[in-house]
Amino acid sequence: MLEEMGGTVADRAEIEVGGRVLVGGEWLVVLRVNKTSGIINSLTTTPPIGVHWRKDWKHGIEEIKGYKAPSKDDAAKVKTATKLPPLCNYPGEGFLHMTKKEYDETVPKWSDFQKIGTLNSTETYGRHRVRQTRAPGGEYWQTALVYLTDQKRTDPPKPVPQPEFEAQMEALPEPKPTRLKPAKAAVVEFEAMRDSLKHGVQMVNTPQLFPTPPDLAERMVELAEIKTHHRVLEPSAGTGNIWRNLSGKRQGVEIHPDLANRLRDMVTQGDFGIICADFLECSPKELGNFDRIVMNPPFSNGQDIKHIQHALTMLKPGGRLVALCANGSRQQEQLKPVADYWEDLPSGSFASQGTGVNVALLTINIPDKLPAVKRRPAIQLELFGA
């Protein structure tokens, strides 16, 4: 197997568009090979199972564990799927009508605003591109589609079936039984571990996986007050103690492939998805935005602060985040001031999970309506265009 030979897969195989790469237990089809200075640094593939809001997914080359050369069928489908759709100009429903000159004046040339948008296939038309601009009177991220009245009209193409790629999963090895230590030895080991911890945030030198105690997981979900129509995110799903209690439209993220596979098997009904990824490398563009986020992030080296702050970028107006964090000075300084609710959990709350770290439970609510964005003078570049 390629993964047993050392180095990255890109060092040992000539990766081609249309081939399949092994990521987190799935063989995904390569749609694009991304290079820097001639060296492959990432791959764009078909999305993992459970991701239905995107047509592709980006993976760092170090995530790739295996490679298969393209089959004729996959290569042909990739050619169709990645073909640039036509740019159309027509008076669609809700389109703004303006001249080309008026359109050019809506967004300065130096702006990084995306002036071309892509519409996916529907029952009435095929995939195509259209011009877009800022929505008048809308928030800074909202767009409106445009019809240029003084340019040639070009109607969208007729709908055609989009290529579908057959999912391929890597078979997991049969689990081997683990020899348990005698109960007395386990108690002695735990007592020694507990005695070595002092008050505050000090981590045991073990992998950062401390599952949420079941009763605490249930309480966190109750605090979230999840409704059936809510999109719900758990960014570090782990062994699933929180995940199994969630409802609504659930999305989980887990960095460990084996755990991600087990989480997929844990829930078989409802609207849900699990992806294997580093949450800090996921963006709102990839995952979307959520009404509720429930999380028990890794604690070491202030990672809990980074994870919670990153999760807040994905929370919708009117949304709520429920999280655990280490109850240390950094967390109290950076997270407690923005929390709507903060509770110091009793000492030993995570003793059953093998750690004596002090933990806090917090909630953060986002207002239904965000305050108006204050514009700076026009001489300063804006992140989202004019």
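Numbering (my numbering), first residue to last: 12 to 397. All residues carry an ideal CB built from backbone N, CA and C; glycine is no exception. From a predicted model like this one, the values you see are computed outputs, not experimental measurements.
query: Proximity below 9 Å, CB of K260 to CB of R242; result: yes
query: Contact set for L373: own chain, Cβ-Cβ below 7 Å, skip 5 residues either direction; result: A334, C336, L346, A350, Y352 and W353
query: Rounded C-alpha distance that separates D289 from K69; result: 12 Å
query: Assumed close pair I285, G299 - CB separation to whole angstroms, cut-off 8 Å; result: Contact flag wrong, Cβ pair sits at about 15 Å.
query: Three-state secondary structure assigned by DSSP to P328; result: strand
query: Proximal residues to V28 (C-beta, below 6 Å), its chain only, five neighbours per side dropped; result: V41 and V89
query: Where A53 falls: helix, strand or coil (DSSP); result: In the sequence as displayed, the identity of residue 53 is Ser instead of Ala. Strand.
query: One or two residues paired with K79 in a DSSP bridge; result: R31
query: Span of the beta strand (DSSP E) around H139; result: H139 to R145
query: Interface flag, N131 vs chain D, CB-CB below 9 Å; result: Absent here is chain D; the protein component of the structure consists of one chain.
query: Run of the beta strand (DSSP E) containing D302, from where it starts to where it stops; result: F301 to M306
query: I377 in three-state terms, based on DSSP; result: coil
query: Beta-carbon proximity list for G128, same chain, < 8 Å, skipping 5 on both sides; result: R140, V141, R142, Q143, T154 and L156
query: Alpha carbon of F221 to alpha carbon of G71, nearest angstrom; result: 26 Å
query: Residues that F283 bridges to, as DSSP identifies them; result: R261
query: Secondary structure of N100, DSSP reduced to three states; result: strand
query: Distance, G49 Cα to I253 Cα; result: 43 Å
query: Whole-angstrom distance between L323 and N338, CA atom to CA atom; result: 19 Å
query: DSSP state of K46 mapped onto helix, strand, coil; result: strand
query: Beta-bridge pairing of L39 - partner residues as DSSP gives them; result: V32
query: Burial state of H318 (16 or more Cβ within 10 Å); result: buried
query: Coil, strand or helix - I237 by DSSP; result: coil
query: For C293 and E265, believed in contact at Cβ under 8 Å, the rounded distance; result: Not a contact, Cβ separation roughly 11 Å.
query: Three-state secondary structure (DSSP) of K88; result: helix
query: With 16 other Cβ atoms within 10 Å as the buried cut-off, status of P308; result: buried
query: Y114 - DSSP class collapsed to helix/strand/coil; result: helix
query: Contacts around F361, its chain only, beta-carbon distance under 8 Å, and the 5 residues preceding and following it disregarded; result: F221, P224, G367, V368 and V370
query: Contact under 9 Å by Cβ, K327 with F301; result: yes
query: Where P167 falls, given that 16 or more other Cβ within 10 Å makes a residue buried; result: buried
query: Sub-9 Å separation of R164 and P81 beta-carbons; result: no
query: Cβ separation of E37 and Q179, assumed to be a contact under 8 Å, to the nearest whole Å; result: 7 Å
query: Three-way DSSP call (helix, strand, coil) for L335 in this model; result: strand
query: Cβ distance (whole Å) where G77 is taken to contact V118 below 8 Å; result: Not really, about 44 Å apart at Cβ, beyond 8 Å.
query: DSSP-derived helix/strand/coil call for Q179; result: strand
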